[in-house]
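Q:
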Amino acid sequence: MSEEQRDHRANEPLDGEEDLDNLEENDEVIGRAVRRSMLLIGAAAAVAVIVWLARGLLVAAPEDSAIGLDGPVGVEREQSVEPPSVTFTDVTASSGIDFVHQSGAVGDRFLPETMGGGAAFVDYDQDGDQDLVLINSRTWKGAAAGPSRLFENDGSGRFVDRTQGSGLDFVAYATAVAVGDIDNDGFPDLFVSAVGANRMLRNVAAAGSRRFEDVTAAAGVAGEADRWSSSSAFFDADNDGDLDLFVGNYVEWSQDIDIDLDYRLAGVGRAYGQPVNYRGTYPYFYRNQGAGKFVDVSAESGVRVSNIATGEPVAKSLGLAPGDVDGDGLVDLVVANDTVRNFFFQNTGSGFEELGEIVGLAYGRQGEATGAMGIDAGFFRGEQDLGIGIGNFANEMSSFYVSQGSAALFADEAIAVGIGAPSRRVLSFGLFFFDVDLDGRLDLLQSNGHLENEIGKVEPSQSYRQRPQLFWNAGDVARRVFVPIETQGALGQELVGRGSAYADIDQDGDLDVLLLQTGGPAVLLRNDLRGVGEASDNPNFVRFTLEGNGVTANRSAIGAWVTLKSASGVQVRQVMPTKSYQSQSELPLVFGLGTDQGIDSVEVHWPGVARSSAGQQIDVGSLEFNGSTVIRQPPA
Numbered sequence: 001m002s003e004e005q006r007d008h009r010a011n012e013p014l015d016g017e018e019d020l021d022n023l024e025e026n027d028e029v030i031g032r033a034v035r036r037s038m039l040l041i042g043a044a045a046a047v048a049v050i051v052w053l054a055r056g057l058l059v060a061a062p063e064d065s066a067i068g069l070d071g072p073v074g075v076e077r078e079q080s081v082e083p084p085s086v087t088f089t090d091v092t093a094s095s096g097i098d099f100v101h102q103s104g105a106v107g108d109r110f111l112p113e114t115m116g117g118g119a120a121f122v123d124y125d126q127d128g129d130q131d132l133v134l135i136n137s138r139t140w141k142g143a144a145a146g147p148s149r150l151f152e153n154d155g156s157g158r159f160v161d162r163t164q165g166s167g168l169d170f171v172a173y174a175t176a177v178a179v180g181d182i183d184n185d186g187f188p189d190l191f192v193s194a195v196g197a198n199r200m201l202r203n204v205a206a207a208g209s210r211r212f213e214d215v216t217a218a219a220g221v222a223g224e225a226d227r228w229s230s231s232s233a234f235f236d237a238d239n240d241g242d243l244d245l246f247v248g249n250y251v252e253w254s255q256d257i258d259i260d261l262d263y264r265l266a267g268v269g270r271a272y273g274q275p276v277n278y279r280g281t282y283p284y285f286y287r288n289q290g291a292g293k294f295v296d297v298s299a300e301s302g303v304r305v306s307n308i309a310t311g312e313p314v315a316k317s318l319g320l321a322p323g324d325v326d327g328d329g330l331v332d333l334v335v336a337n338d339t340v341r342n343f344f345f346q347n348t349g350s351g352f353e354e355l356g357e358i359v360g361l362a363y364g365r366q367g368e369a370t371g372a373m374g375i376d377a378g379f380f381r382g383e384q385d386l387g388i389g390i391g392n393f394a395n396e397m398s399s400f401y402v403s404q405g406s407a408a409l410f411a412d413e414a415i416a417v418g419i420g421a422p423s424r425r426v427l428s429f430g431l432f433f434f435d436v437d438l439d440g441r442l443d444l445l446q447s448n449g450h451l452e453n454e455i456g457k458v459e460p461s462q463s464y465r466q467r468p469q470l471f472w473n474a475g476d477v478a479r480r481v482f483v484p485i486e487t488q489g490a491l492g493q494e495l496v497g498r499g500s501a502y503a504d505i506d507q508d509g510d511l512d513v514l515l516l517q518t519g520g521p522a523v524l525l526r527n528d529l530r531g532v533g534e535a536s537d538n539p540n541f542v543r544f545t546l547e548g549n550g551v552t553a554n555r556s557a558i559g560a561w562v563t564l565k566s567a568s569g570v571q572v573r574q575v576m577p578t579k580s581y582q583s584q585s586e587l588p589l590v591f592g593l594g595t596d597q598g599i600d601s602v603e604v605h606w607p608g609v610a611r612s613s614a615g616q617q618i619d620v621g622s623l624e625f626n627g628s629t630v631i632r633q634p635p636a
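Counted the way the numbering used here counts, the sequence shown spans residues 1 to 636.
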């Protein structure tokens with residue numbers, strides 16, 4: 001669908017917009033109807049499911065979860081709730097972050113200029129606080145361009161520029177970054193995606209400090225020189241104790257192709273072309289052979305998806321969400337593809353099988369391919385419901401897929417959970433779950449911004465700069481799970497939003513936020529939840545840093561799950577820095593406890609251990625309440 005077609009849709013009534021108030025008043029009813037309808041559709045596909053079950057690929061739903069045939073019921077929970085007051089302070093300048101992204105835009109309107117560069121919170125020197133890597137692009141003709149940057153945290157949330165001599169001081173049209181300890185030496189390494197050759201950067205000791213050494217050639221992960229790599233992720237796909245690497249590639253692009261397409265908008269002239277005008281690509285999948293050396297197994301691993309009619313590559317990948325969706329101890333992968341179907345790569349143990357269409361993750365709620373960008377997954381309602389959120393293009397609701405009793409079926413419940421209508425107008429890139437108010441429930445943040453800086457000339461309802469959106473998880477007391485919090489002050493800035501990430505930069509327990517822009521400055525926002533008012537008013541929390549033994553599980557513990565039980569309920573979190581868009585959040589896990597004064601139990605399922613089996617029970621007396629604890633896996 002072209003930009004003009006997309007924008008024309010904004011002049012037509014939205015689904016139910018002529019009575020949007022009624023839509024929002026009755027979204028619980030609609031949501032229930034959608035869920036039941038999707039389950040009935042799943043039942044109609046019984047033949048496919050039977051084949052699946054015979055092959056042992058799916059987890060069967062419990063026998064007592066039969067599909068009801070009664071009609072939608074009325075709203076059961078009418079209690080209104082007020083979201084908490086959430087205050088962020090813009091500390092970009094005072095923290096020492098002076099990064100401005102270089103997109104290379106000088107009027108040629110090349111598509112990569114619209115996509116931005118990612119970032120990673122990573123404790124690169126292993127001193128216990130979160131440092132920051134910011135990924136930069138460049139000008140097209142090699143003129144003055146800033147490098148990617150490395151900022152070291154002094155422990156209080158103030159950063160010192162350590163770029164010079166860090167190994168990040170190269171110039172490339174870089175797009176994204178992934179974090180993982182590829183050689184299990186205890187120090188996190190980096191993979192930088194780019195338009196062109198990618199880079200693997202190994203964390204090494206240098207004169208009493210740490211720097212990154214370019215080991216791309218030895219690792220064998222540069223990729224093709226004419227490829228546009230977007231997001232990437234480290235995870236242990238084969239459970240051999242080291243991290244493998246998945247690299248999503250976007251469209252087949254070059255300056256010549258872009259010029260030949262000559263995309264234009266009425267009243268604007270040459271504009272940024274849409275991905276529908278470009279061919280798809282195949283992703284890369286690299287198997288770690290040990291000692292940081294990789295082999296490309298893309299062809300035999302099952303990640304190359306072709307159009308059955310044309311044989312052409314399908315993928316136009318932007319966002320990645322690795323995670324053990326079916327709980328069998330093998331990391332699966334959901335891929336957000338732009339304007340083509342999303343992928344669900346189920347890990348079979350010997351490779352992947354793409355099952356997105358069958359499990360209900362491929363398309364939007366009306367059966368359409370969406371302009372999918374950022375993505376994240378999390379158990380947002382205790383340990384029962386896995387939610388997968390995807391930020392979409394303008395005039396498309398964000399998608400919010402919810403597991404329907406098992407990993408066999410998902411349904412898009414964006415309207416029912418409360419993020420559908422509010423997300424319709426914006427264009428969302430970065431998206432992640434985090435507990436903004438430490439009440440034990442995962443909230444959702446979206447970073448928004450349009451592609452075309454003159455979009456207002458074509459569609460007055462759209463703007464280039466847009467505000468982020470914060471959705472508070474109200475739990476079971478509200479008709480909707482998520483309630484929009486009006487973004488004011490620092491969080492209410494209008495930005496050309498792209499990537500986003502979170503970390504506790506000042507070690508006060510609450511999670512701070514980084515928002516990125518294309519062609520603009522990074523914005524660092526301090527969460528002022530804790531430390532304001534009397535100490536007794538502050539919500540409680542625990543923070544865990546997991547460390548694998550490097551033999552049966554990777555040292556970074558990427559892919560591990562932690563289940564915490566306390567008086568207010570059950571929380572489930574996964575160690576997975578890859579989330580949002582082109583970015584990485586911190587590895588440690590934060591569990592908000594609200595007013596709970598203690599913890600009942602903590603259980604760790606290390607990578608490779610099925611969640612249905614017994615995990616490692618942690619002595620809760622050894623945990624630092626309102627502080628940080630390192631949990632180490634027993635030696636192999």
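Ideal Cβ positions, reconstructed from N, Cα and C, are used throughout, including at glycine.
(1) For Asn342, which option in Phe352, Ala207, Gly364 and Leu524 has the closest C-alpha, if you only look at C-alpha atoms?
(2) Taking the runs of the beta strand (DSSP E) that are 3 residues or longer, which of them lie wholly in the segment 425 to 464?
(3) Identify the continuous beta strand (DSSP E) that holds Ala206 and give its terminal residues.
(4) Tell me, please, whether the segment 490 to 504 touches the segment 440 to 457 by the rule of three or more beta-carbon pairs shorter than 8 angstroms.
(5) Excluding five sequence neighbours on each side, which residues of the same chain lie with their C-beta closer than 6 angstroms to the C-beta of Ile375?
(6) Ala217 lies in the beta strand (DSSP E); which residues open and close that run?
(7) Could you please give the first and the last residue of the uninterrupted beta strand (DSSP E) stretch that includes Leu190?
(8) Drop a sphere of 10 angstroms on the beta-carbon of Ala178, count the other beta-carbons inside from all chains shown, and report buried for 16 or more, exposed for fewer.
(9) In three-state terms, what does DSSP make of Val247?
(10) Look at Asp338 and Pro275 and say whether their C-beta atoms are less than 8 angstroms apart.
(11) Count the other CB atoms, across all protein chains shown, that sit within 10 Å of the CB of Thr310; report buried if there are 16 or more and exposed otherwise.
(12) For Pro468, which of helix, strand or coil comes out of DSSP?
(13) Rounded to the nearest angstrom, what separates Thr629 and Arg543 at their Cα positions?
(14) By Cβ distance below 7 angstroms, which residues in the same chain neighbour Gly497 in space, the five residues on each side in sequence not counted?
(15) What would DSSP say about Ala503, mapped onto helix, strand or coil?
(16) List the whole-angstrom C-beta distance separating Ala407 from Val325, where the pair is believed to meet the contact cut-off of C-beta under 8 angstroms.
(17) What residue ranges within the segment 515 to 590 form continuous beta strand (DSSP E) runs of no fewer than 3 residues, ordered along the chain?
(18) At which residues does the beta strand (DSSP E) containing Gly387 begin and terminate?
(19) Quick check: what's the CA-CA separation for Ser423 versus Ser306?
(20) Classify Arg632: buried if its beta carbon has 16 or more other beta carbons within 10 angstroms, exposed otherwise.
(21) Exposed or buried, Val590, counting other C-beta atoms within 10 Å across all chains shown (16 or more means buried)?
(22) Whole angstroms is fine: what's the gap from Gly107's alpha carbon to Tyr272's?
(23) How would you call Ile415, buried or exposed, if buried means at least 16 neighbouring beta carbons within 10 angstroms?
(24) Name the two residues that bound the continuous alpha helix (DSSP H) containing Asp412.
(25) Which residue's Cα is closest to the Cα of Gln126: Ala614, Pro588, Gly627 and Asp596?
(26) For Glu353, which residues from the same chain have a beta carbon less than 8 angstroms from its beta carbon, with the 5 sequence-adjacent residues on both sides left out?
(27) Under the three-state reduction of DSSP, which class applies to Pro313: helix, strand or coil?
(28) With the cut-off set at 8 angstroms, would you say Gly280 and Glu312 are in Cβ contact?
(29) Is DSSP giving Ser423 helix, strand or coil here?
(30) Going straight from the alpha carbon of Val75 to that of Asp476, what length do you get?
(31) Between the Cα of Leu245 and those of Leu427, Ala233 and Trp253, spot the shortest distance and give me the residue it belongs to.
(32) Quick one: grab the DSSP three-state call for Leu168.
(33) I'd like the span of the alpha helix (DSSP H) that includes Gln366, first residue to last.
(34) From Ala557, Ala266, Asp226 and Gly267, pick the residue whose C-alpha is nearest to that of Ser256; which is it?
(35) Which of the three DSSP states, helix, strand or coil, is assigned to Leu623?
(36) To the nearest angstrom, how far is it from the Cα of Thr578 to the Cα of Phe433?
A: Working from what's here:
(1) With distances taken between Cα atoms, Asn342 lies closest to Gly364.
(2) The segment 425 to 464 contains these whole beta strand (DSSP E) runs: 428 to 434 and 443 to 448.
(3) For Ala206, the uninterrupted beta strand (DSSP E) segment begins and ends at Arg199 to Ala206.
(4) Yes, the segment 490 to 504 is in contact with the segment 440 to 457.
(5) The answer, listed in chain order, is Gly319, Ala321, Ala336 and Ile390.
(6) Looking at the DSSP string, Ala217 is not in any beta strand (DSSP E); the run it does join, the alpha helix (DSSP H), is Thr216 to Ala219.
(7) Judged by DSSP secondary structure, Leu190 falls within the beta strand (DSSP E) whose first and last residues are Asp189 to Ala194.
(8) Residue burial annotation: Ala178 is buried, with at least 16 other C-beta atoms found within 10 angstroms of its C-beta.
(9) Judged by DSSP in its simplified three-state form, Val247 adopts strand.
(10) In this structure, Pro275 lies closer than 8 angstroms to Asp338 by Cβ.
(11) Flag for Thr310 reads exposed.
(12) Three-state DSSP puts Pro468 in coil, outside helix and strand.
(13) Taking the straight line from one Cα to the other gives about 6 angstroms.
(14) Around Gly497: Phe429, Gly430, Ser447, Asn448, Gly449, Gln466, Pro468, Leu515 and Gln517.
(15) Note: Ala503 maps to strand in three-state DSSP.
(16) Indeed, because the Cβ distance is near 5 angstroms, the residues count as touching under 8 angstroms.
(17) Here the runs fully enclosed are 523 to 527, 540 to 547, 561 to 566 and 569 to 574.
(18) Gly387: member of the beta strand (DSSP E) spanning Asp385 to Ile390, first to last residue.
(19) Rounded to the nearest whole angstrom, the C-alpha separation of Ser423 and Ser306 is 31 angstroms.
(20) Around the Cβ of Arg632, a 10 Å sphere holds fewer than 16 other Cβ atoms; the residue is exposed.
(21) With 16 or more Cβ atoms within 10 Å of its Cβ, Val590 is classed as buried.
(22) Each residue's Cα considered, the two are about 10 angstroms apart.
(23) Buried is the call here.
(24) According to the DSSP assignment, Asp412 belongs to no alpha helix (DSSP H) but to the beta strand (DSSP E) extending over Phe410 to Asp412.
(25) The option with the nearest alpha carbon to Gln126 is Pro588.
(26) Residues Leu57, Gly302, Phe345 and Gln346 of the same chain have their beta carbon placed closer than 8 angstroms to that of Glu353, with the five preceding and five following residues left out of the count.
(27) Pro313: strand per DSSP, three-state reduction.
(28) Cβ atoms of Gly280 and Glu312: closer than 8 angstroms.
(29) In the three-state reduction of the DSSP assignment, Ser423 falls in the helix class, which pools H, G and I.
(30) Any reading at Val75 must be qualified, since the residue scores a pLDDT of 36, below 50, and its modelled position is unreliable; the value itself is stated next. Near 13 angstroms, if we compare the C-alpha coordinates of Asp476 and Val75.
(31) The shortest C-alpha separation from Leu245 is found at Ala233.
(32) When secondary structure is reduced to three states using DSSP, Leu168 falls in the coil class, being assigned neither helix nor strand.
(33) Looking at the DSSP string, Gln366 is not in any alpha helix (DSSP H), and its letter there is neither H nor E.
(34) In the sequence on display, residue 256 carries Asp and not Ser. Comparing Cα positions, the closest option is Asp226.
(35) The answer is coil: DSSP assigns Leu623 none of H, G, I, E or B.
(36) Approximately 12 angstroms between the Cα atoms of the pair.
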